[in-house]
Amino acid sequence: MNINIPKEVNYILQTLFDAGFDAYVVGGCVRDSVLGKEPDDWDITTNALPLEVKALFRRTVDTGLQHGTITVMRGNEGYEVTTYRTDGTYSDGRHPDKVTFVPSLEEDLKRRDFTINAMAYNDRAGLIDLFGGMQDLKDGIIRCVGNAEERFSEDALRMLRAVRFAAKLGYTLDKDVYDSIKNRASTLSVVSAERITTELIKLLTSDHPEMIKIAYETGLTAVFFPEFDKAMETEQNHPHHMYNVGDHIVESVRISSNDRIIRLTMLLHDIAKPDTLTIDDDGITHFHGHATLGAEMAEEILRRWKLDNDTIRRVCRLIKYHDLGKGVPCSPRAVRKGIRLMEEDFPLLLEVERADILAQSTYMREEKLETLAEYSKEYEIILRENQCCNLKSLAVNGKDLVELGFSPGPALGKTLNALLDKVIEDPSLNEKAVLLKMADGMKDEI
Numbered sequence: 006m007n008i009n010i011p012k013e014v015n016y017i018l019q020t021l022f023d024a025g026f027d028a029y030v031v032g033g034c035v036r037d038s039v040l041g042k043e044p045d046d047w048d049i050t051t052n053a054l055p056l057e058v059k060a061l062f063r064r065t066v067d068t069g070l071q072h073g074t075i076t077v078m079r080g081n082e083g084y085e086v087t088t089y090r091t092d093g094t095y096s097d098g099r100h101p102d103k104v105t106f107v108p109s110l111e112e113d114l115k116r117r118d119f120t121i122n123a124m125a126y127n128d129r130a131g132l133i134d135l136f137g138g139m140q141d142l143k144d145g146i147i148r149c150v151g152n153a154e155e156r157f158s159e160d161a162l163r164m165l166r167a168v169r170f171a172a173k174l175g176y177t178l179d180k181d182v183y184d185s186i187k188n189r190a191s192t193l194s195v196v197s198a199e200r201i202t203t204e205l206i207k208l209l210t211s212d213h214p215e216m217i218k219i220a221y222e223t224g225l226t227a228v229f230f231p232e233f234d235k236a237m238e239t240e241q242n243h244p245h246h247m248y249n250v251g252d253h254i255v256e257s258v259r260i261s262s263n264d265r266i267i268r269l270t271m272l273l274h275d276i277a278k279p280d281t282l283t284i285d286d287d288g289i290t291h292f293h294g295h296a297t298l299g300a301e302m303a304e305e306i307l308r309r310w311k312l313d314n315d316t317i318r319r320v321c322r323l324i325k326y327h328d329l330g331k332g333v334p335c336s337p338r339a340v341r342k343g344i345r346l347m348e349e350d351f352p353l354l355l356e357v358e359r360a361d362i363l364a365q366s367t368y369m370r371e372e373k374l375e376t377l378a379e380y381s382k383e384y385e386i387i388l389r390e391n392q393c394c395n396l397k398s399l400a401v402n403g404k405d406l407v408e409l410g411f412s413p414g415p416a417l418g419k420t421l422n423a424l425l426d427k428v429i430e431d432p433s434l435n436e437k438a439v440l441l442k443m444a445d446g447m448k449d450e451i
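The following block contains the structure:
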């Protein structure tokens, strides 16, 4: 088979060929090309030593010189070129204690994680598939190169990567892979939060995020997300639900829009339900206050996962208000209040509520979706009419109030928010003269 290699990658391969070295594109770019997908990046492997690679190209970066990796710059793009190598023992379960450069492509491919990532290609030799990667692609199986226990003992993150690749491709785990993960799941604890989070986000934003349940079944979530395990053990005996808390979460993630913020929100939106569970005299389960507590728990979890502050702020706000429209008839006022709370993320809140509804029972589902559609329609009207829903679009600002005689400070801010309250109730009041007159009357009240 032929793989369409980009011009700049071909230039690097040809330069290595002309200098008497072997060189191949390798790993994910080969896998994705075989599957007819556009690779995210192109990695190259060669028998040339790192300093020999550096000598052949004008612009290089020592990305991982000790591990044999040089980044060759072509224009604004960088391409990693790595010398054939074998890895020594992994005493910390994360990094090889020693890297040995080898002349054999086969020895290099043996150290790789999964068969579908252990294929190499160049136009001269064609596809090099020594471990059955092509067959595993056809069969839809994630299988380790060699012994699964050994591969996972070398780098424990590979266990979560196996689940992530299954989610990305819609594949199943080979039995040995599944069993080995169950045996070794606890060793994931040696892996940094940053590396785990990178794989988790890729899993969540894949075509099959519901496969996070495999991470639960094999014991991986117990290491980095024990709150989810607790949710999987919490029943929901209520007319509005047909799943336990954990399965409801999984289903809501599955049917939600493939957006990083939304998928993180769905993963965590009901995470506080186990801690707010009460059961009434009829045996019906209730979870009063779970949204507020959930936002607090989500912040703790997301910080544990080392996510950025903006993501934490947005996800926690969506969780806190994910029941905002529940049982509230749609009205322009209610939508304006929602926009004020959620700012630019109000459309995401509608998406979150939709996924939440579709992951519940069919009881009153149509009515809930109809109300949600009314909220969405009203939102579009408010946008089209440019109605004021925040201080930024208020017809007066702090400077105007100072000129009216207000002193800078808390009272000024309270007055602006009080004016916004009035405008949220009645958008026609958003006129400078009207608001200044109202503000003047508030001087003695605030």
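Residue numbers (our numbering): 6 to 451. Cβ atoms here follow ideal geometry from the backbone N, Cα and C, with glycine treated the same way. Quick caveat, the model's predicted, so the values are computed rather than measured.
Distances from the CA of E390 to each of V439, P337, M369 and L425 were compared; the closest alpha carbon is that of P337. Residue state for L135 is assigned as coil, using DSSP reduced to three classes. DSSP places A153 in the uninterrupted alpha helix (DSSP H) bounded by A153 to E159. Cα atoms of K218 and L205: separation of roughly 12 Å, rounded to the nearest angstrom. Taking the Cα of C394 as reference, the smallest distance to any Cα among L406, L346 and Y29 is reached at L346. The C-alpha of T226 is placed about 13 Å away from the C-alpha of L162. Per DSSP, V401 lies in no alpha helix (DSSP H) segment and is marked neither H nor E. With contacts defined as CB atoms closer than 8 Å, A123 and G145 fail to qualify as a contacting pair. Contact between V39 and L142 holds, since their C-beta atoms are separated by about 6 Å, short of 8 Å. Distance from the Cα of L377 is smallest, within the candidate group P415, C335, R341 and D350, for C335. Sequence-distant partners of Y16 (beyond 5 residues in either direction) whose C-beta falls short of 8 Å from its own C-beta, in its chain, are R79.
Of the candidates R341, K404 and D275, R341 places its Cα closest to the Cα of K382. C149 carries a strand assignment under DSSP once its states are collapsed to helix, strand and coil. About 6 Å separates the Cβ atoms of Y84 and V14, confirming a contact at the 8 Å cut-off.
DSSP places F233 within a helical segment (H, G or I) once states are collapsed to three.
With fewer than 16 other Cβ atoms inside 10 Å of its own Cβ, N402 counts as exposed.
Here V66 is bridged, per DSSP, to T76. In the structure shown, E57 adopts helical secondary structure according to DSSP, grouped into three states.
Counting every other CB atom within 10 Å of its CB across the protein chains shown gives P413 a total below 16, marking it as exposed.
V168 and E222 have their C-alpha atoms spaced approximately 11 Å apart. Beta-bridge annotation (DSSP): M124 is paired with D134. Straight through space, the alpha carbons of L355 and Y384 are spaced by roughly 10 Å. At the C-beta level, L421 and V428 stay beyond 8 Å of one another. In chain order, A161, L162, M164, L165, I201, L225, V228 and F229 place their CB closer than 8 Å to the CB of L193, counting only its own chain and leaving out the 5 sequence neighbours on each side. Under the DSSP definition of a beta bridge, A28 partners with T51.
Judged by DSSP in its simplified three-state form, E240 adopts coil rather than helix or strand. Relative to the Cα of T74, the nearest Cα in the group N81, R63, I49 and E82 belongs to I49. Here the alpha carbons of D426 and K404 stand approximately 19 Å from one another.
Taking 8 Å as the cut-off, the beta carbon of R319 is found closer than this to the beta carbon of D350.
D252 and L307 have their alpha carbons spaced roughly 21 Å apart. The beta carbon of L409 is closer than 7 Å to those of L441, A444 and D445 in its chain, skipping five residues each way along the sequence. Around the C-beta of R259, 16 or more other C-beta atoms lie within 10 Å, and the residue is accordingly described as buried. Beta-bridge partners of T91 (DSSP): T105. For the set T91, I284 and L298, the Cα lying nearest the Cα of A277 is the one of L298.
The C-beta of T367 has fewer than 16 other C-beta atoms within 10 Å across all chains shown, which makes the residue exposed.
Non-local beta-carbon contacts of H291 in its own chain, meaning distances under 6 Å to residues more than five positions away in sequence, involve T283 in chain order.
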